[in-house]
Amino acid sequence: MSTKYYNSVHETSLSDVLDPDQVLKMEDVERVYPFRSNEYYLSLINHNNPNDPIKRIILPDPCELANPGSLDPSGEEEYSPLPGVQHKYPQTAMLLVSNTCGGICRFCFRKRLFTGENPPPICDTKKAVDYLQTQKDLTDVLLSGGDPLMLGASKLDQILSMIRELPTKPIIRIGTKIPAYDPHRLTDDSDLRDVLAKHTSPEEKIYLISHFNHPQEITSSSKAAISALKNTGAELTNQTPILQGINNEPDIMASLFNILSKLGVPPYYVFQCRPTSGNRHLTVPIEQAMHVIHEAQSCCSGLTKRARYIMSHKSGKIEIVGKTSKHIFMKYHQAASLSDLNSMLVFKPNSRARWLEDYQHRLTDMVPKMTWLF
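Heads up: the sequence shown begins at 1 in full-length UniProt numbering, then just goes up one per residue.
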């Protein structure tokens, strides 16, 4: 089954179900922040629900134009020794191997890949692998983009083959939203599945990190795609940002955790939505988000309790650990500076805080490197 893709709201049938003024406003937004989706994913929208989560995930919102922010809030370009190669932590390198997605999430934190006249390039795989050959501490290579599973089977095979030849034999992780956005691509393309099967084995697994954000995305088609991926021998786990009006209720997050865990896709990370340009209306205050995640985990299997609530800050991956009436506690789960790794951060609470820079009352000696975005 071939899925029809749309790169403009005008190409879709949304004008048949939405007010013309709404469509015009969406078209205004897409001139700044591009739109991309497909007929399958748009079919999941319940147009009788004004608060439909799929609509919020994929359709342009005029609020995006009123939101400040940065096109690179985590400083990925700063930690890129080569175009499209991020090497922020000694053990982990990320390769941006695709600049195409099955859909453009409205909360995307890599809008810089899709906006402007001169977006940054994806990586040259050969040059990237030549660089990685020299990195003796490397344990993980993450393929991202864009979406690596939008690549053709032969191109993906070439990339995976080159990484498998690295001397440190790193674990390969692939970040993808294709099981949610275009599951038929995975069930119908046997060549793509064969490539994944070729490069995973009992001794060297490929890890596929899916991006399901709401239970409404988990359909019979996406379940079939999950099953097809598991049959390749790859391991699956899921990550999602916590998003205002999408999954920021404990029962919704718990349902997402439970359904996926039963399908063999336990949660991995829950991210704080990054302060990327156009994203603010979708961000949830940190302390509210932490409460939602903890409440959701209290209703779930112990499998869900291994999910960490993470802020992908410029200075490192910061885990939001817990809170008392007087303090909020965070920890560097990964750090750009090795001296910061595992360091604790303690602040006075701030119920409006949405990013680390919003916490100005530091109660520890450590001073993280901060860049003000607003």
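Idealized CB from N, CA, C, for every residue including glycine.
- Sorting D191, H184, Q239, Q135 by C-alpha distance to the C-alpha of Q86 places Q135 at the top.
- Taken atom to atom, the span from the alpha-carbon of P53 to that of D130 is near 43 Å.
- Under a 10 Å Cβ-count criterion, A66 is classified as exposed, with fewer than 16 other Cβ atoms of the shown protein chains found around its own Cβ.
- Residue range 20–30 is occupied by the alpha helix (DSSP H) that includes P20.
- In the DSSP assignment, L82 forms a beta bridge with V85.
- Residues of the same chain with a CB within less than 7 Å of the CB of G316, apart from the 5 flanking positions on each side, are Y332, Q334, A335, A336, D340 in chain order.
- The beta carbons of G145 and I172 sit about 15 Å from each other, so the pair does not count as a contact at 8 Å.
- Beta-bridge annotation (DSSP): H313 is paired with G316.
- In the same chain as Y181, and ignoring 5 residues on each side of it, the C-beta atoms closer than 6 Å to its own belong to Y41, G102, G103, in chain order.
- For P267, the uninterrupted beta strand (DSSP E) run begins and ends at 267–272, by DSSP.
- For D157, the closest of D137, L132, D191 by C-alpha to C-alpha distance is D191.
- Between T92 and D140, the C-beta spacing is below 8 Å.
- Contiguous alpha helix (DSSP H) elements confined to the region 101–156 occur at 125–132, taking only those with 4 or more residues.
- L236 and I209 have their C-alpha atoms roughly 6 Å apart.
- Take the alpha-carbon of C105 and the one of F114: they are about 11 Å apart.
- Assignment of alpha helix (DSSP H) within the region 166–227, counting only whole runs of 4 or more residues, yields 178–181, 183–188, 190–198 in chain order.
- For the set A128, R274, S8, V284, the Cα lying nearest the Cα of E30 is the one of S8.
- Under the 8 Å Cβ criterion, the region 302–309 counts as touching the region 250–261, having at least three qualifying pairs.
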